[in-house]
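A.B. asks: Reading the sequence shown from the start, the letters are residues 16 to 370 in our numbering. Cβ coordinates follow ideal geometry from the N, Cα and C atoms, glycine included. Being a predicted model, the structure only gives us computed values, none of them experimental.
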Amino acid sequence: MYPDFQYLLEALFGIPMPAWLGIFKTFGFFMALAFIAAARVTTLELKRKEKQGLMQPVLKNIKEKKKDPETGATTTTEKQVYMYPHQLITEIVFGAAIGGIIGAKIFNAFETWSDFIQDPIGSLFSRSGLTFYGGFIVATIVLYYYTRKYKIKFKHLCDATAPAIMLAYGLGRLGCQFSGDGDWGIYNTAYITQADGALRLSTPADAQYINSITANTQSSYYVAPAGMPRWLAGMNYPHNVGYEGMPIAGCEGEYCRVLPIAVFPTPVYEAVAAILLFGFMWSIRKKFRYPLQMFGLYLVLAGVERFLVELVRVNYKYDWGFVHPSQAEIISVVLFIAGTGLLLFYKPKGEKLPQ
């Protein structure tokens, strides 16, 4: 894995890199890339909707600084100007980002409550522990109140941001994968790690060792079929940013840990799925007849994608008697139902979209 740019550039060029490059974290880079891409895609959609007459300019208070040429004194004045929604994209993305991070932390606390109550401050301010759906829900609430404040049509903003959210999610999962942040799947006991960090097929002789690690957690046995790269079935995330696993023999430096048994690389699955789904959503974005149908499609696709990945993903399971869903599975089902309702039944009179 490549927890920072020092590791990444050394892997790319095969030569030692200066240690100061370590301050640039790979996960942070992909997060920034995700927000930039989301802002660009949303801007394009907002401009399209503005040309269709679906979104109008709104009044915005802005501050201006003026310098007196005689005295040199600077004064600040405030005035109202009309601005199109796409011109407010920085505020929209920033508000969604702040709300998203807060929501992701709050929902992660619910999911890992026992760890949270032991160290609430440390949990809230740690660099790990983000729950996407929590971020999505709170960010949506933040944008709803933002649109009410400036009288922006919330339903059209939802449609404009839907493809962008899917793309940003895929890019964010690439950050999880490259950095090895712990957001991976359950153990795949078909592969175990050697002392040098390399993976090999497990044998019956490894059963006791495997059981000592997986006894209290989920695991599965799956050997990659012929023609399928082994890393798609199992990875052990050497040099992961979370310092998880066993020491790598002969490794010197900050990130010298590797998982003892392979896990399913769920960030790869989600990144590929989300980016492909973004392409699909982008290709049909002009075919919807009513507002919120694009957003409904996003809810359906995101719900199905995440529900399927949860089958091989590490997550806390709730005990509901005969079923044991994860938080993400519960929310996935809710999103799927809500999205299906928007797609099939939300057809407000007089609000057909221009074709």
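Determine which residues share a DSSP beta bridge with Arg215 and list them.
C.D. replies: Position 200 of the sequence shown holds residue 215. Its beta-bridge partners are Ile207.
A.B. asks: Apply the 10 Å Cβ neighbour rule to Ser227 and answer buried if 16 or more other Cβ atoms are within range, or exposed otherwise.
C.D. replies: Locating residue 227 in the sequence shown gives position 212, where the first residue counts as 1. By the 10 Å Cβ count, Ser227 comes out exposed.
A.B. asks: How would you write the range of the beta strand (DSSP E) that Glu93 sits in, first residue to last?
C.D. replies: The residue labelled residue 93 in the question sits at position 78 within the sequence shown. Note, Glu93: beta strand (DSSP E), Thr89 to Met98.
A.B. asks: Around the Cβ of Trp35, are there at least 16 other Cβ atoms within 10 angstroms (buried) or fewer (exposed)?
C.D. replies: As a working note, residue 35 is residue 20 in the sequence shown. Trp35 comes out exposed.
A.B. asks: For Lys76, report the span of its beta strand (DSSP E) as first-last.
C.D. replies: Sequence index remark: in the sequence shown, residue 76 carries index 61 (1-based). For the record, residue 76 in the displayed sequence is Asn; it is not Lys. It spans Val73 to Lys82 - the beta strand (DSSP E) in which Asn76 sits, taken as one unbroken run.
A.B. asks: If you compare alpha carbons, which of Tyr17, Phe45, Arg63 and Arg55 is closest to Pro369?
C.D. replies: Taking the sequence shown and counting its residues from 1, one reaches residue 369 at position 354. Looking at the Cα atoms, Arg63 is the closest of the given residues.
A.B. asks: Under 8 Å between the Cβ atoms of Pro280 and Gly260?
C.D. replies: Against the sequence shown, residue 280 aligns to sequence position 265. Against the sequence shown, residue 260 aligns to sequence position 245. Result no, Cβ atoms of Pro280 and Gly260 do not sit closer than 8 Å.
A.B. asks: Could you tell me whether the Cβ atoms of Val329 and Trp199 are closer together than 8 Å?
C.D. replies: On the sequence shown, position 314 is the one that residue 329 refers to. On the sequence shown, position 184 is the one that residue 199 refers to. In this structure, Trp199 lies closer than 8 Å to Val329 by Cβ.
A.B. asks: Pick from Glu344, Tyr202, Phe42 and Lys301: whose alpha carbon is nearest that of Gly185?
C.D. replies: As a first step, residue 185 must be located in the sequence shown, where it is residue number 170. Out of Glu344, Tyr202, Phe42 and Lys301, Phe42 has the C-alpha closest to the C-alpha of Gly185.
A.B. asks: Closer than 8 Å is the cut-off here; do at least three beta carbon pairs connect the segment 211–219 with the segment 167–177?
C.D. replies: No: fewer than three Cβ pairs fall under 8 Å.
A.B. asks: Pull up the DSSP beta-bridge partners for Lys40, would you.
C.D. replies: The residue labelled residue 40 in the question sits at position 25 within the sequence shown. Asp19, per the DSSP bridge assignment.
A.B. asks: Determine whether the beta carbon atoms of Arg188 and Ala289 lie at a separation below 8 Å.
C.D. replies: The residue labelled residue 188 in the question sits at position 173 within the sequence shown. The residue labelled residue 289 in the question sits at position 274 within the sequence shown. Yes. Within cutoff.
A.B. asks: Apart from the five residues on each side of it in sequence, which residues of its chain come closer than 8 Å, Cβ to Cβ, to Ile113?
C.D. replies: Within the sequence shown, residue 113 is the residue found at index 98, counting from 1. Excluding residues within five positions, the ones whose Cβ falls inside 8 Å are Val157.
A.B. asks: Quick one: give me the first and last residue of the alpha helix (DSSP H) that Ile180 is part of.
C.D. replies: Residue numbering aside, residue 180 sits at position 165 when the sequence shown is read from its first letter. Phe169 to Ser194 is the span of the alpha helix (DSSP H), which, as asked, contains Ile180.
A.B. asks: For Asp19, count the other beta carbons within 10 Å of its own beta carbon; 16 or more makes it buried, fewer makes it exposed. Which is it?
C.D. replies: Residue mapping note: residue 19 aligns to position 4 of the sequence shown, counting from 1. So Asp19 counts as buried.
A.B. asks: Going by the beta-carbon positions, is the gap between Ile225 and Thr204 smaller than 8 Å?
C.D. replies: Position 210 of the sequence shown holds residue 225. Position 189 of the sequence shown holds residue 204. Yes, Cβ-Cβ distance for Ile225 and Thr204 is below 8 Å.
A.B. asks: With a threshold of 7 Å on Cβ separation, who are the neighbours of Pro72 within its own chain once the five nearest residues in sequence on each side are excluded?
C.D. replies: Your numbering for residue 72 matches position 57 in the sequence shown. So the qualifying residues of the chain are Tyr97, Met98 and Tyr99.
A.B. asks: Just to check my reading of the structure: Thr229 and Tyr206 have Cβ atoms closer than 8 Å, yes? What is that Cβ distance to the nearest angstrom?
C.D. replies: The residue you call residue 229 lines up with position 214 of the sequence shown. The residue you call residue 206 lines up with position 191 of the sequence shown. Incorrect: roughly 13 Å between the Cβ atoms, too far for contact.
A.B. asks: Is the beta carbon of Gly195 within less than 7 Å of some heavy atom of the ligand MN?
C.D. replies: With respect to the ligand MN, the structure offers nothing, as it holds no ligand at all.
A.B. asks: Taking only three categories from DSSP, how would you classify Ala277?
C.D. replies: The count along the sequence shown starts at 1 and reaches residue 277 at position 262. Strand at Ala277.
A.B. asks: For the alpha helix (DSSP H) holding Arg163, just list the boundary residues, first then last.
C.D. replies: By one-based count along the sequence shown, residue 163 stands at place 148. First-last of the alpha helix (DSSP H) with Arg163: Phe147 to Tyr165.
A.B. asks: If you check the beta carbons only, do Lys367 and Arg321 fall under 8 Å apart?
C.D. replies: Against the sequence shown, residue 367 aligns to sequence position 352. Against the sequence shown, residue 321 aligns to sequence position 306. No, the Cβ-Cβ distance between Lys367 and Arg321 is not below 8 Å.
A.B. asks: For His339, count neighbouring Cβ atoms within 10 angstroms of its own Cβ and tell me buried if that reaches 16, exposed if not.
C.D. replies: The residue labelled residue 339 in the question sits at position 324 within the sequence shown. The residue in question, His339, is exposed, as its Cβ has fewer than 16 Cβ neighbours within 10 Å.
A.B. asks: Taking Cβ positions, are Met250 and Ala277 nearer each other than 8 Å?
C.D. replies: In the sequence shown, the residue the question calls residue 250 occupies position 235. In the sequence shown, the residue the question calls residue 277 occupies position 262. Yes, the pair counts as a contact, with Cβ atoms nearer than the cut-off.
A.B. asks: Indicate whether Met46 and Tyr252 have their beta-carbon atoms separated by less than 8 Å.
C.D. replies: Indexing the sequence shown from 1 puts residue 46 at position 31. Indexing the sequence shown from 1 puts residue 252 at position 237. In this structure, Tyr252 does not lie closer than 8 Å to Met46 by Cβ.
A.B. asks: Check whether the segment 88–95 touches the segment 103–122, taking contact to mean three or more Cβ pairs, one atom from each stretch, closer than 8 Å.
C.D. replies: Segments in contact, no.
A.B. asks: Please list, in chain order, all residues of the same chain as Leu74 whose beta carbon is under 7 Å from its beta carbon, the five residues on each side excluded.
C.D. replies: Stepping through the sequence shown from its first residue, residue 74 is reached at position 59. The answer, listed in chain order, is Gln95 and Tyr97.
A.B. asks: Give me the Cα-Cα distance between Cys191 and Lys302, rounded to the nearest whole angstrom.
C.D. replies: Position 176 of the sequence shown, counted from the first residue, corresponds to residue 191. Position 287 of the sequence shown, counted from the first residue, corresponds to residue 302. Rounded to whole angstroms, Cys191 to Lys302 spans 33 Å at the Cα level.
A.B. asks: Starting from Trp246, follow the alpha helix (DSSP H) in both directions and report where the run begins and ends.
C.D. replies: The sequence position of residue 246 within the sequence shown is 231, counting from 1. Where Trp246 is concerned, the enclosing alpha helix (DSSP H) stretches over Arg245 to Ala248.
A.B. asks: Restricting to runs no shorter than 4 residues, where is the alpha helix (DSSP H) found entirely within the segment 308–349?
C.D. replies: Listed in chain order, the complete alpha helix (DSSP H) runs (minimum 4 residues) inside the segment 308–349 are 308–324.
A.B. asks: With which residues is Arg384 paired in a DSSP beta bridge?
C.D. replies: Past the edges of the chain, shown from 16 to 370, lies residue 384, and the structure says nothing about it.
A.B. asks: What residue range is occupied by the uninterrupted alpha helix (DSSP H) comprising Asn226?
C.D. replies: Numbered from its first residue, the sequence shown carries residue 226 at position 211. First-last of the alpha helix (DSSP H) with Asn226: Ala222 to Thr229.
A.B. asks: Is the distance from the Cβ of Ala343 to the Cβ of Tyr22 below 8 Å?
C.D. replies: By one-based count along the sequence shown, residue 343 stands at place 328. By one-based count along the sequence shown, residue 22 stands at place 7. No, the Cβ-Cβ distance between Ala343 and Tyr22 is not below 8 Å.
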